[in-house]
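Reading through the structure tokens given below for one structure.
Laid out in structure tokens, this is it:
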């Protein structure tokens, strides 16, 4: 008999929110780069432009919506994934196969995306409003428009949920521990989360660009397929706009999320006997 600590259902939302507080400026710059019709500014230039026009705090525009998103989307997908995974692990007396982790992560992402998409829409709009003149900012959204954009964006979010972030982290952590050279410590969590964040960035970027464009449009795009087609006309590189800030933002966000999650689990997790 052995005592272990497992995550509580809300730990994923808390850890994702803490990570978002650190990485939000990078997310904002990524949105600005992705919504350029032509590449006019790079990452540093866009950052300086935002700070020069609106001040340093403008880099945190949309933070409240981002935190709301983490406490809906991220909380839901982590709660589903970790709760089911831990129960299956105790039942089978061993880790789940990778394909089951992928399917479980996909289901958790689908559910979390359905719940959290409206807050993601608000987040993108609030971030992008910073670069508009005051009279053109969309500080409030029409209910009909919000609903339609949320439905369209939800289609993309449901696709993005299969990008294996949770499954990649779990599998990487198991492989690292299986070597016998490292123990279950912060360095192991760091290595596994870097791999998970890198994989998610590369796979997610084209869909993330389309999602951002779709959410930020007024009537420019009528559907997900229309947005895909119009973006494709700009060339293959259009799907990777903002890749560098996306990587700089997503990899640290993933690393911080899992490190915070592991620390919460180790110090405040629910005690179970296996």
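Residue numbers (my numbering): 1253 to 1526.
Ideal Cβ placement from N, Cα and C applies to all residues, glycine included.
Residue environment, residue i, which counts as buried when at least 16 other CB atoms sit within 10 Å
| i | result |
| --- | --- |
| residue 1283 | buried |
| residue 1479 | buried |
| residue 1346 | exposed |
| residue 1402 | Residue placement at residue 1402 is poorly supported in this model, since its pLDDT is 48, which falls under 50; the coordinates still yield a value, given next. Residue 1402 should be labelled buried. |
| residue 1349 | exposed |
| residue 1441 | buried |
| residue 1425 | buried |
| residue 1418 | buried |
| residue 1510 | buried |
| residue 1474 | exposed |
| residue 1309 | exposed |
| residue 1488 | exposed |
| residue 1476 | buried |
| residue 1316 | exposed |
| residue 1364 | buried |
| residue 1307 | exposed |
Three-way DSSP call (helix, strand, coil) for residue i in this model
| i | result |
| --- | --- |
| residue 1257 | strand |
| residue 1293 | coil |
| residue 1428 | helix |
| residue 1437 | coil |
| residue 1457 | helix |
| residue 1474 | coil |
| residue 1416 | coil |
| residue 1395 | Confidence at residue 1395 is low in this model, with a pLDDT of 46, below 50, so its placement is unreliable and the value that follows should be read with caution. Here residue 1395 sits in helix by DSSP. |
| residue 1486 | coil |
| residue 1368 | helix |
| residue 1307 | coil |
Nearest neighbour of residue i, chosen from the options [CA to CA]
| i | options | result |
| --- | --- | --- |
| residue 1298 | 1315, 1277 and 1357 | 1277 |
| residue 1465 | 1486, 1312 and 1448 | 1486 |
| residue 1523 | 1325, 1327 and 1338 | 1338 |
| residue 1493 | 1322, 1293 and 1342 | 1293 |
| residue 1355 | 1260, 1456, 1266 and 1420 | 1420 |
| residue 1358 | 1336, 1261 and 1318 | 1336 |
| residue 1374 | 1320, 1262 and 1341 | 1320 |
| residue 1481 | 1458, 1254, 1503 and 1468 | 1458 |
| residue 1504 | 1455, 1448, 1429 and 1434 | 1448 |
| residue 1497 | 1453, 1261, 1360 and 1353 | 1453 |
Start and end residues, beta strand (DSSP E) containing residue i
| i | result |
| --- | --- |
| residue 1524 | 1522-1525 |
C-beta neighbour in chain D for residue i, strict 9 Å
| i | result |
| --- | --- |
| residue 1323 | The structure shown contains no chain D; it holds only a single protein chain. |
Where the alpha helix (DSSP H) containing residue i begins and where it ends
| i | result |
| --- | --- |
| residue 1491 | That residue, residue 1491, is in no alpha helix (DSSP H); it is neither H nor E in DSSP. |
| residue 1263 | 1263-1286 |
Residue i beta carbon near the ligand ZN (any heavy atom closer than 8 Å)
| i | result |
| --- | --- |
| residue 1457 | In the structure shown, the ligand ZN is absent, as is every other ligand, since no ligand is present at all. |
Segments assigned alpha helix (DSSP H), at least 4 residues, entirely inside the segment 1313-1366: 1315-1321 and 1327-1344
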